[in-house]
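**Q** For reference, the structure I am asking about is given below.
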Ligand SMILES: Nc1ncnc2c1ncn2[C@@H]1O[C@H](COP(=O)(O)OP(=O)(O)OP(=O)(O)O)[C@@H](O)[C@H]1O
Ligand SMILES: [Mg+2]
């Protein structure tokens, strides 16, 4: 059980600049962001806005150009590479848009993999793997290989695997990007349940405002910064900087469900 409230993550003036064909591309432009323990955050933003870049840095799969990333008050990128690997393995669970499961292994073996890599006893790893697969509703698919599972089932295996090491933070980059709405909504239900019951802090990148609306905080990556998805949204207070709280987005936002339902009504007139 994770303690709720209190700051888990602080990004200060975080910049990410890609060198590209002799030029520079600034994707994160001095971003400030605070994530509290137990937060369930939806991250939206147009294609190319920098959502994946942000998640990769939070997951320490990539490094920022400058700025600070504090996790429980400690600078993440200040230590040696070995400390970073340990931090990533112990504190972070990552779920990608495409599950990245190993095709030649069963669902159970895929989930156990972080334990086996971490030299955990096989029997202990197996017990935990079974427990996690049951939790995501796949207790009767333990021996299936990824190719023998549906897209939603594969993504649930990926979530179970991401939880194996009991991470403090679960990062999901469009985990339902290639699934239909009903299956997506089932995956989001699992994430919400993990957040509510176990207090795991979760950040999900999604393009679907209907799913985002079910989360406690909704943020937008816009012009290299983080702003509230709804301008002035009080739920974003303390997460985004004061200066950004009332900022209007420069980019075109993904559609809101109000927009979608009013468009539907009009198209039916
Ligand atoms: N290694 C790289 N070198 C140069 N430019 C890059 C690199 N990786 C990403 N970019 C650029 O950085 C920008 C942000 O990319 P990112 O993948 O973070 O976007 P995103 O918000 O996740 O978009 P999407 O919704 O399409 O997944 C894009 O314009 C992309 O072209
Ligand atoms: Mg992306």
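In my numbering, the protein residues as written are 1118 to 1386.
Every residue, glycine too, gets a C-beta built ideally from N, C-alpha and C.
#1: Who are the Cβ neighbours of residue 1133 in its own chain at under 6 Å, not counting the five residues just before and after it?
#2: Would you say residue 1134 touches ligand 1, meaning its beta carbon is less than 7 Å from a heavy atom?
#3: Compute every distance between the C-beta of residue 1290 and the non-hydrogen atoms of ligand 2, then say whether any falls below 7 Å.
#4: In three-state terms, what does DSSP make of residue 1300?
#5: Which residues, in chain order, sit with a beta-carbon under 6 Å away from any heavy atom of ligand 1?
#6: Verify whether the separation of the beta carbon atoms of residue 1176 and residue 1211 is less than 8 Å.
#7: Leaving aside the five residues before and after residue 1354 along the sequence, list all residues of the same chain whose C-beta is less than 7 Å from its C-beta, in chain order.
#8: Counting only the same chain and skipping the five closest in sequence on each side, list residues whose C-beta sits under 8 Å from that of residue 1309.
#9: Just the Cα atoms here: how many angstroms apart are residue 1297 and residue 1268?
#10: From residue 1280 to residue 1287, what distance separates their C-alpha atoms?
#11: Helix, strand or coil for residue 1204 per DSSP?
**A** The answer reads as follows:
#1: 1144, 1145, 1170, 1181, 1182
#2: no
#3: At least one heavy atom of ligand 2 is nearer than 7 Å to the Cβ of residue 1290, so yes.
#4: helix
#5: The filter returns 1135, 1137, 1142, 1144, 1162, 1164, 1165, 1166, 1167, 1168, 1169, 1170, in chain order.
#6: yes
#7: The answer, listed in chain order, is 1362.
#8: Within the same chain, residue 1309 has close Cβ partners 1157, 1331, 1332.
#9: 9 Å
#10: 8 Å
#11: Helix at residue 1204.
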